[in-house]
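*Asks:* As they're listed, the protein sequences go chains B and V. Heads up, the first sequence stops at 328 in full-length UniProt numbering, and the numbers go up one at a time, no gaps. Heads up, the second sequence stops at 335 in full-length UniProt numbering, and the numbers go up one at a time, no gaps. Note that the Cβ used here is the ideal one computed from N, Cα and C, for glycine as well.
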Amino acid sequence: MSEVLLEVTELKKHYPVRAGVLRRQIGTVHAVDGVSFSLGAGETLGLVGESGCGKSTVARSVLRLVEPTSGQIRLDGEDITHLSKTALRPHRRSMQIVFQDPFASLNPRMTAGDIVGEPLAVHGLATGKELETRVAKLFEQVGLRSDQMKNFPHQFSGGQRQRICIARALALGPRLIVCDEPVSALDVSIQAQVINLLIDLQREHGFSYLFIAHDLAVVAHISHRVAVMYLGRIVEIADKDDLFRNPRHPYTQALLASVPIANPLAKRLAPLVDGDVPSPVNPPSGCAFHTRCRYAMERCKTERPALLDAGDGHQVACLLNAGTGRSQ
Amino acid sequence: MAQKSDIVLEVKNLKTVFFTNSGLFKAVDDVSFTVTRGETLAIVGESGCGKSVTALSLMRLVPDPPGRIVGGSVTLEGTDLLALDEAQMRAVRGNRISMIFQEPMTSLNPVMRIGDQIVEAVRLHRNISSKEARSIAVEMLRLVRIPEPARRAKEYPHQLSGGMRQRAMIAMALACRPALLIADEPTTALDVTIQAQILALILDLQKELGTGLVLITHDLGVVAQTAQRVIVMYAGRKVEEASVEALFAAPKHPYTRGLMASIPAVPASGVPAPARLNEIPGTVPSLVRLPQGCAFAPRCKLAIKRCEAEYPPLADWGGGHLAACWRAEEVAEVA
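#1: Taking Cβ positions only, does Ala137/V come closer than 8 angstroms to chain B?
#2: Among Ala323/V, Met260/V, Pro178/V, which residue has its Cα nearest to the Cα of Met59/V?
#3: Evaluate Asn196/B with the Cβ neighbour count: other Cβ atoms within 10 Å of its Cβ, from every protein chain shown; 16 or more gives buried, anything less gives exposed.
#4: Does any C-beta atom of chain V lie closer than 8 angstroms to the C-beta of Glu140/B?
#5: Along chain B, in chain order, which residues have C-beta atoms closer than 8 angstroms to that of Tyr260/V?
#6: With a threshold of 8 angstroms between beta-carbons, can Arg248/B be considered close to chain V, or not?
#7: Where does Gln159/V sit, in a helix, a strand or coil, going by DSSP?
#8: Would you mind giving the Cβ-Cβ distance between residue 389/B and Glu10/B, rounded to the nearest angstrom? I have them listed as a contact below 8 angstroms.
#9: Assuming Cys179/B is part of the beta strand (DSSP E), what are its boundary residues?
#10: Return the CA-CA distance between Ala297/V and Asp101/B, expressed in angstroms with no decimal places.
#11: Just checking: is the beta-carbon of Asn196/B within a distance shorter than 8 angstroms of some beta-carbon in chain V?
#12: Quick one: does Ser51/B have its CB under 8 angstroms from some CB of chain V?
#13: Is residue 346/V near Gln117/V, with beta carbons less than 8 angstroms apart?
#14: Determine the DSSP secondary structure at Pro153/B, reduced to helix, strand or coil.
#15: Evaluate Ser51/B with the Cβ neighbour count: other Cβ atoms within 10 Å of its Cβ, from every protein chain shown; 16 or more gives buried, anything less gives exposed.
#16: Would you grab the beta carbon distance between Thr44/B and Ser208/B for me? Rounded to a whole angstrom, and I think it's under 8 angstroms.
#17: Could you list the residues in the segment 215-227 of chain V with a C-beta less than 9 angstroms from some C-beta on chain B, going in chain order?
#18: If we ignore side chains and look at the alpha-carbon of each, how far apart do Pro149/V and Ile114/V end up?
#19: Among Cys176/V, Val17/V, Tyr234/V, Asp204/V, which has the Cα closest to the Cα of Arg93/V?
#20: Among the candidates Tyr255/V, Leu209/V, Ala323/V, whose CA atom is the shortest distance from the CA of Leu143/V?
#21: Compile a chain-ordered list of the residues in the segment 189-202 of chain V whose CB is closer than 8 angstroms to at least one CB of chain B.
#22: Taking 6 angstroms as the limit between beta carbons, can you name the residues of its chain near Trp326/V, skipping five residues before and five after?
#23: May I ask you to report which of helix, strand or coil DSSP gives His221/B?
#24: In the DSSP assignment, find the unbroken alpha helix (DSSP H) run with Phe241/B in it and report its ends.
#25: Can you pull the chain B residues whose beta carbon is under 8 angstroms from the beta carbon of Arg276/V, in chain order?
#26: Taking the alpha-carbon positions, what's the Ser189/B to Cys287/B distance?
#27: In the DSSP assignment, find the unbroken beta strand (DSSP E) run with Ile304/V in it and report its ends.
#28: Would Glu245/V count as contacting chain B if we go by Cβ distances under 8 angstroms?
#29: For Val194/B and Asp187/B, what's the separation of their Cα atoms in angstroms?
#30: Taking CB distances under 8 angstroms as the criterion, tell me whether Asp276/B reaches chain V.
#31: Check the Cβ of Ser258/B against every Cβ in chain V and list those closer than 9 angstroms, keeping chain order.
#32: Under 8 angstroms Cβ-Cβ, which residues of chain B neighbour Val331/V?
#33: Would you list the residues sitting across from His14/B in a DSSP beta bridge?
#34: When you compare each of Gly23/V, Gln228/V, Glu241/V to Lys252/V by their alpha carbons, which one comes out closest?
#35: Any chance the segment 241-248 of chain B sits against the segment 284-302 of chain B, with 3 or more Cβ pairs inside 8 angstroms?
#36: If you drop the 5 nearest sequence neighbours on each side, which residues of the same chain put their C-beta closer than 8 angstroms to that of Thr127/B?
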């Protein structure tokens, strides 16, 4: 693999649950519970999982938008986990985020041009005429016209708004862009436009994406490697093709089998898992998936499987077959 | 073709308009379809295409003002619903035709126990004691595979998970054994493993009870896995209708074709994923300023002069495969 840009080690984020008049702590939400991964320069790592699995918390912790409880985040070899706000500032330029809802993440009172130019102004990188030229160039890069700079967010469609968010993320020439469900709020035909744009921009600029989505097909399309999360932990991580063709963790298998295929000749709506995702407040002991897993053994209830290499960098956290999971 | 007696719902030339400050717009424009007993008809399209307003029109739930059904007929088991007065409609709604929505939390009453909500629905339409209604409620919760139904009936919506709530909604909708169930994006708010459970449940119950189902969705995967017939809507109009097999094998409308090419697929063994997705340029047009001819023409690669001037009629391209496109014959070769 190429040079490592981002390295996350044993990241944990716990939230206290408080109740009563005295706001005493009655429990802990294990939102992220020991997550490790690395992301190479120019690489896209997809992070998938169902709601509440902690994928967004991982994204926000990486950017230090939430303070991790423990663990380490290294960007370009430098530990940024405990940097102060001021010390972190220069690093902020190299990491940006694109959110899910382009309606909520743009200030309705600012023009599109001001929104895209704000990061440049805040970091004191451009002013006046130069700022305008650079913003116009950014607009062009994301497929917007520069005469649209004067317009307000409400004058744009959903897809165009997401382009504005992408332009804003590009403004500082980042090396890492975290995309948190960037196409989930968009219509199918617009979704394809934005995905293609993200891929084109990466080819041109060579930055990395940490791409979070619940839609497996979207993740499969854009990622080089994919990590599957369940209840705050990564249960499987592998090259995209390897993961989708030979999923080893029973949860990944169930997840893939649940995706409705757009082919009426391949009917197979047979859910592989019953029940709901357990609460992250009191996650099950041992392997958190054992309550829904059809292959669960006695050991799974007590022993928490570590993320182990099952060959070719395909890592899986499952006790089956001496830690290599279930092959097909 | 289906027997006349099997037809549960017949919609003819339905027109629903909205009066807004920026003008009048036709949310549903001249839409016709039928649903037979036990059949699943999927209505697919992007936001603003009129699929949800079609569903609300069938239920006579279009908010008036600003909306109004201005034409057509909706015949359910021989009765034209559009001709009923509000009291008569209330006797049909939830009884012969019922609906489940995308977000179960907002469609359940948060301060009423699940069981009581089902009891209320049942007693509104059937003259039975509350004790009998309660046993029906528990039976319905058992039918939708909620574990410990008697205990769950005493719980409030917030005590149930998203998947459980949608099951409770389904139990309520089916409690009076309706002839037709409308499901408007029933699994969009759910996780994919839960979605698979709920879709399988809906199809099982439909088979068991013989209910006609109108499934509204934007997800072509869901369509392929559940429906027998499909309607594709664009800008308020039905642009294509076909059996699910025919539609996915050879879509006749350039919009349907574009939609299918723009969805990424989970890579199956041996099939390399395309580097780029096929995108449909531009955006869905505003319903207030629709072009004179085909609404899809500005985004269509095949558009010719005629498309901009004249709206293409829905033509039968064989075996009940309808499409409204001047160049439907060439779609397969060109696009």
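*Replies:* Looking at the coordinates:
#1: Ala137/V does not count as touching chain B.
#2: Selected option, being the one with the closest Cα: Pro178/V.
#3: Under a 10 Å Cβ-count criterion, Asn196/B is classified as buried, with 16 or more other Cβ atoms of the shown protein chains found around its own Cβ.
#4: So, not an interface residue.
#5: According to the sequence displayed, residue 260/V carries Met and not Tyr. Contacts between Met260/V and chain B, judged by CB atoms closer than 8 angstroms, involve Ala262 in chain order.
#6: So no, Arg248/B is outside the interface.
#7: Gln159/V falls in the helix class under three-state DSSP.
#8: Missing from the structure shown is residue 389/B; chain B here goes from 1 to 328 and no further.
#9: Note, Cys179/B: beta strand (DSSP E), 176-180.
#10: In this structure, the straight-line span from the alpha carbon of Ala297/V to that of Asp101/B is close to 29 angstroms.
#11: So yes, Asn196/B belongs to the interface.
#12: Closer than 8 angstroms to some Cβ of chain V, the Cβ of Ser51/B qualifies, so yes.
#13: Residue 346/V is absent from the model: chain V starts at 1 and stops at 335.
#14: Three-state result, Pro153/B: helix.
#15: Counting Cβ neighbours within 10 Å, Ser51/B comes out exposed, since fewer than 16 surround it.
#16: Confirmed, about 7 angstroms.
#17: Per Cβ criterion, the list reads His218, Asp219, Leu220, Gly221, Val222, Val223, Ala224, Gln225, Thr226, Ala227.
#18: It is roughly 10 angstroms from the alpha-carbon of Pro149/V to the alpha-carbon of Ile114/V.
#19: For the residues Cys176/V, Val17/V, Tyr234/V, Asp204/V, the minimum Cα distance to Arg93/V belongs to Cys176/V.
#20: Of the candidates Tyr255/V, Leu209/V, Ala323/V, Leu209/V places its Cα closest to the Cα of Leu143/V.
#21: Taking 8 angstroms as the cut-off between beta carbons, the residues of the segment 189-202 of chain V near chain B are Asp191, Val192, Thr193, Ile194, Gln195, Ala196, Gln197, Leu199, Ala200, in sequence order.
#22: The beta carbon of Trp326/V sits closer than 6 angstroms to those of Arg306, Cys307, Pro312, all from its chain and outside the five residues before and after it, given in chain order.
#23: Judged by DSSP in its simplified three-state form, His221/B adopts helix.
#24: According to the sequence displayed, residue 241/B carries Asp and not Phe. DSSP places Asp241/B inside the alpha helix (DSSP H), whose first and last residues are 240-245.
#25: For Arg276/V, the chain B residues whose C-beta falls within less than 8 angstroms of its own C-beta are Asn196, Ile199, listed in chain order.
#26: Whole-angstrom Cα-Cα distance: 39 angstroms.
#27: For Ile304/V, no beta strand (DSSP E) encloses it, and the DSSP letter there is neither H nor E.
#28: Chain B, which has a Cβ nearer than 8 angstroms to the Cβ of Glu245/V, makes this yes.
#29: Here the alpha carbon of Val194/B sits roughly 10 angstroms from the alpha carbon of Asp187/B.
#30: It does: the Cβ of Asp276/B has a partner Cβ on chain V nearer than 8 angstroms.
#31: Around Ser258/B, the beta-carbon contacts reaching into chain V at under 9 angstroms are Asp191, Val192, Thr193, Ile194, Gln195, Ala196, Gln197.
#32: Neighbourhood of Val331/V in chain B, by CB distance below 8 angstroms: empty, with the nearest CB roughly 16 angstroms away.
#33: Bridge partners of His14/B: His30/B.
#34: Closest in alpha carbon position to Lys252/V, among Gly23/V, Gln228/V, Glu241/V, is Glu241/V.
#35: The answer is no - the segment 284-302 of chain B does not touch the segment 241-248 of chain B, with fewer than three Cβ pairs under 8 angstroms.
#36: Setting aside the 5 residues that flank it on each side, Thr127/B is surrounded in the same chain by Ala121, each with a C-beta closer than 8 angstroms to its C-beta; the list follows chain order.
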